[in-house]
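J.:
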Amino acid sequence: MKTNFLQTFCIVVISVASIFDAKSQDKLSQSLASIKEKVQDVQIDKTTFKQSIDVLDETKGKLSFVSVLVDEKGKTTKESFEFYVSDIDKNTIIRKTSGKKLFINLSINNNQKFIKHFREDKLDSYTNYLEILLSSADAAQELENLFKATIPLVSSGEKEWNTNTDALNWLKNNVSKINSGPATFEQSFSYGERKDYLVSFTVKKTDQKSVSTEEKYEFSILDINKKNLAVKISGTQLSVSVETKGNDRYIKYTKNNEQQNFDNAFEIIAEDIDQARNIIAAFSTAIEKSKSVVPDFTGLQKSLEFITKNTTELTIEKKTLDQKINFIPGNGTKSIFTYVEPDSKGKPIEERFEFYLSDIDANSLIFKVSGKKIAIVSTSKNKTKFIKYYKDNTLQDFQNEVDILTTDIETSREMVEAF
């Protein structure tokens, strides 16, 4: 009996949802038909503007607006625009006049250039607004009201994902090779080697002379500024601009397999406006649905083991820098950090810092990025000079800061937590 009730209930819910969807689609169809009907030819002096709206995808609310200018000699100039109704900012739909022209202005949300602009059926550029001429104030008001009423009826044309990995998988499978004029961009996106929100983007650009340059960007999706994701236009080339929050240089940048200074922005080349919109949507979803994961540092031993393991040798500008840290259990936990860097003649110069963890100010622990280097900065409490500093085994002085270099941003965050 209970099973039959549940089956009946589910059937009723699905049926009601289907009826609701059908009614919504009918309402959208009627609104788009009304918009199409209201867009008509306009005569200004001896010039005729032949205007029309075509519905390219009714479900997604994708439209094409065509305007053909016919002058007094019968010469025609054609331009057209392709856009999604859902991208229009309803608050900016207003009537305007310019000389003898009366028109309504349609602008894209956040001024994104999501409108394809064609001249004589050839893609000319991308824009963030378009204008439709009307013959009277009443006609303009009616069309304005129609667009405002239609926008809520259309779901966004962008793809949607349930999880951060769904969105990141879409990027992995859809960010690919693009031919843009004489140049070729071989692009790839990957994620999840350490954590699902740690990603890398690689692009190999080959110009018309067959000269190639390969660039790689490694970063945490959580460091990306969702609000600044935007379409960037250069002629007819489309790209999505990706920036970090606060413009922090948290992106590891490698060019032709050589590490460069850490950066705060890069661009992904898009095939067309629809792909660009979906790249932005995928990044936005991944940012919203990703959560930072910090290793378990509940015990002293786990923290010390993590710090020891990640205080390692690294190479910067073809110089090998050796680092080691040792902890001696006991009152205050004595710590010995050694750093070896070769001088201009290749001779290794050793620096040693001896201090107690109990003297370090936990609240002042941070990591800093400078050029190609990231350093964990540990400062003693009240900046008191409690840290013994040795150079080539000779005591130099007492200091209040010790810096440990790290290889990447995520490890730096974890090291701060461990300390």
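Here the working numbering is used: the first residue of the sequence shown is 36, the next is one more, and so on.
All C-beta atoms in this analysis are idealised placements derived from N, C-alpha and C, irrespective of residue type, glycine included.
Bear in mind the structure is a predicted one, so any value in this text is a computation, not a measurement.
1. From Asn417 to Ile186, what does the alpha carbon distance come to, in whole angstroms?
2. Could you name the residues of the same chain whose beta carbon sits closer than 7 Å to that of Pro330, not counting the 5 residues immediately before and after it, in chain order?
3. Whole angstroms are fine: how far does the CA of Ala410 sit from the CA of Phe297?
4. Return the bridge partner residues of Leu165 from the DSSP annotation.
5. Give the straight-line distance between the Cα atoms of Ile79 and Ile150, rounded to the nearest whole angstrom.
6. Reducing DSSP to helix, strand and coil, say where Thr198 ends up.
7. Provide the residue(s) that pair with Val404 in DSSP beta bridges, ordered along the chain.
8. Count the other CB atoms within 10 Å of the CB of Thr320; is the residue buried (16 or more) or exposed (fewer)?
9. For Ile54, which residues of its own chain have a beta-carbon under 6 Å away from its beta-carbon, when the five flanking residues on both sides are left out?
10. What are the partner residues of Leu349, as DSSP defines its beta bridges?
11. Going by Cα to Cα distance, which pick from Gln65, Lys280, Gln272, Leu233 is closest to Asp258?
12. For Asp156, count neighbouring Cβ atoms within 10 angstroms of its own Cβ and tell me buried if that reaches 16, exposed if not.
13. Would you give the residue range spanned by the alpha helix (DSSP H) that Arg229 belongs to?
14. Apart from the five residues just before and just after Leu335, which ones in its own chain have a Cβ nearer than 8 Å to its Cβ?
15. DSSP three-state call for Ser379: helix, strand or coil?
16. Identify the continuous beta strand (DSSP E) that holds Ile123 and give its terminal residues.
17. Buried or exposed, going by whether 16 or more other CB atoms sit within 10 Å of the CB of Val266?
18. Can you tell me whether Leu264 is helix, strand or coil according to DSSP?
19. For the stretch 195-210 against the stretch 168-180, do three or more pairs of beta-carbon atoms, one drawn from each stretch, fall closer than 8 Å, so that the two count as touching?
20. Can you say whether Thr429 is buried or exposed, counting buried as having 16 or more other CB atoms within 10 angstroms of its CB?
21. Here's the rule I'm using: 16 or more other beta-carbon atoms within 10 Å means buried, otherwise exposed. How should Gly134 be labelled?
22. Work out the CA separation of Phe116 and Leu165 for me, nearest whole Å.
23. What three-state label does DSSP hand Thr237 in the structure shown?
24. Pull up the CB-CB distance for Val277 and Ile303, whole angstroms please, since I reckon it's below 8 Å.
25. In this structure, how does DSSP classify Phe341 when only helix, strand and coil are distinguished?
26. Look at the alpha carbon of Pro217 and the alpha carbon of Asp89, and state the distance between them as a whole number of angstroms.
27. Compute the Euclidean distance between the alpha carbons of Ser405 and Val275, then round it to the nearest angstrom.
28. Which class does Asn361 belong to by DSSP, given the choice of helix, strand or coil?
29. Sort Leu188, Pro383, Leu158, Lys337 by Cα distance to Lys354 and report the nearest one.
30. Between which two residues does the beta strand (DSSP E) containing Thr248 stretch?
31. Tell me which same chain residues have a C-beta within less than 6 Å of the C-beta of Val51, skipping the five on either side of it?
32. Could you have a look at Val451 and say whether DSSP puts it in helix, strand or coil?
33. Does the Cβ of Leu91 have 16 or more other Cβ atoms within 10 Å, making it buried, or fewer, making it exposed?
34. Starting from the Cα of Tyr391, find the closest Cα among Ile315, Ser399, Phe362 and give me that residue.
35. Following the continuous alpha helix (DSSP H) through Glu278, name the residue where it begins and the one where it ends.
36. Identify which residue in Arg154, Thr162, Tyr424, Asn291 has its Cα closest to the Cα of Asn146.
T.: With the structure as the only source:
1. Translated into the one-based positions of the sequence shown, residue 417 becomes position 382. Translated into the one-based positions of the sequence shown, residue 186 becomes position 151. About 59 Å.
2. Along the sequence shown, one-based indexing puts residue 330 at 295. Result list for Pro330: Phe341, Glu449, in chain order.
3. Start at 1 with the first residue of the sequence shown, and residue 297 comes out as number 262. Start at 1 with the first residue of the sequence shown, and residue 410 comes out as number 375. Rounded to whole angstroms, Phe297 to Ala410 spans 13 Å at the Cα level.
4. Taking the sequence shown and counting its residues from 1, the one referred to as residue 165 is at position 130. Note: Leu165 sits in a beta bridge opposite Leu141.
5. The sequence position of residue 79 within the sequence shown is 44, counting from 1. The sequence position of residue 150 within the sequence shown is 115, counting from 1. Looking at the two C-alpha atoms, the distance is approximately 26 Å.
6. Along the sequence shown, one-based indexing puts residue 198 at 163. Coil at Thr198, not helix or strand.
7. In the sequence shown, the residue the question calls residue 404 occupies position 369. In the DSSP output, where bridge partners are listed per residue, Val404 has Ile409.
8. Taking the sequence shown and counting its residues from 1, one reaches residue 320 at position 285. Buried: at least 16 other Cβ atoms inside 10 Å.
9. For the purposes of this step, residue 54 is identified with residue 19 of the sequence shown, where counting begins at 1. Because Ile54 carries a pLDDT of 47, less than 50, the predicted location of this residue cannot be relied on, and the following value inherits that uncertainty. Hits under 6 Å: none found.
10. As a first step, residue 349 must be located in the sequence shown, where it is residue number 314. Leu356, per the DSSP bridge assignment.
11. Here residue 258 corresponds to residue number 223 of the sequence shown, with the count starting at 1. For Asp258, the nearest C-alpha among the options comes from Lys280.
12. Your numbering for residue 156 matches position 121 in the sequence shown. Its Cβ having fewer than 16 others within 10 Å, Asp156 is exposed.
13. Locating residue 229 in the sequence shown gives position 194, where the first residue counts as 1. First-last for Arg229: undefined, no H or E at that position.
14. Mapped onto the sequence shown, residue 335 falls at position 300. Hits under 8 Å: Thr368.
15. In the sequence shown, counting from the first residue as 1, residue 379 sits at position 344. Three-state result, Ser379: coil.
16. Here residue 123 refers to the residue found at position 88 of the sequence shown. Careful: Ile123 lies outside any beta strand (DSSP E) and carries neither H nor E.
17. Working through the sequence shown from its first residue, we reach residue 266 at position 231. Per the 10 Å Cβ criterion, buried.
18. To locate residue 264, count along the sequence shown from 1; it is residue 229. Coil at Leu264, not helix or strand.
19. no
20. Position 394 of the sequence shown, counted from the start, is the residue given in the question as residue 429. Per the 10 Å Cβ criterion, exposed.
21. The residue you call residue 134 lines up with position 99 of the sequence shown. Exposed, since its Cβ has fewer than 16 Cβ neighbours within 10 Å.
22. Taking the sequence shown and counting its residues from 1, the one referred to as residue 165 is at position 130. Taking the sequence shown and counting its residues from 1, the one referred to as residue 116 is at position 81. Taking the straight line from one Cα to the other gives about 8 Å.
23. In the sequence shown, residue 237 corresponds to position 202, counting from 1. Residue state, collapsed to three classes: strand.
24. For the purposes of this step, residue 277 is taken as the residue at position 242 of the sequence shown. For the purposes of this step, residue 303 is taken as the residue at position 268 of the sequence shown. With a Cβ gap of about 7 Å, Val277 and Ile303 count as contacting.
25. Numbered from its first residue, the sequence shown carries residue 341 at position 306. Three-state result, Phe341: helix.
26. Here residue 217 refers to the residue found at position 182 of the sequence shown. Here residue 89 refers to the residue found at position 54 of the sequence shown. If you take the alpha carbons of Pro217 and Asp89, they lie about 33 Å apart.
27. Within the sequence shown, numbered from 1, the residue matching residue 405 stands at position 370. Within the sequence shown, numbered from 1, the residue matching residue 275 stands at position 240. Taking the straight line from one Cα to the other gives about 26 Å.
28. Walking along the sequence shown from the start, residue 361 turns up at place 326. Strand.
29. The sequence position of residue 354 within the sequence shown is 319, counting from 1. For the residues Leu188, Pro383, Leu158, Lys337, the minimum Cα distance to Lys354 belongs to Pro383.
30. Locating residue 248 in the sequence shown gives position 213, counting from the first residue. Note, Thr248: beta strand (DSSP E), 247-255.
31. Numbered from its first residue, the sequence shown carries residue 51 at position 16. Residue placement at Val51 is flagged as unreliable, the pLDDT there being 40, under the threshold of 50; a coordinate-derived value is accordingly withheld.
32. Looking up residue 451 in the sequence shown gives position 416. Val451 falls in the helix class under three-state DSSP.
33. As a first step, residue 91 is located in the sequence shown; it is residue number 56 there, counting from the start. With fewer than 16 Cβ atoms within 10 Å of its Cβ, Leu91 is classed as exposed.
34. In the sequence shown, residue 391 corresponds to position 356, counting from 1. It is Phe362 whose Cα lies nearest to the Cα of Tyr391.
35. Counted from its first residue, the sequence shown places residue 278 at position 243. Per DSSP, Glu278 belongs to no alpha helix (DSSP H); it is in the beta strand (DSSP E), 272-278.
36. As a working note, residue 146 is residue 111 in the sequence shown. Here the closest residue by C-alpha is Thr162.
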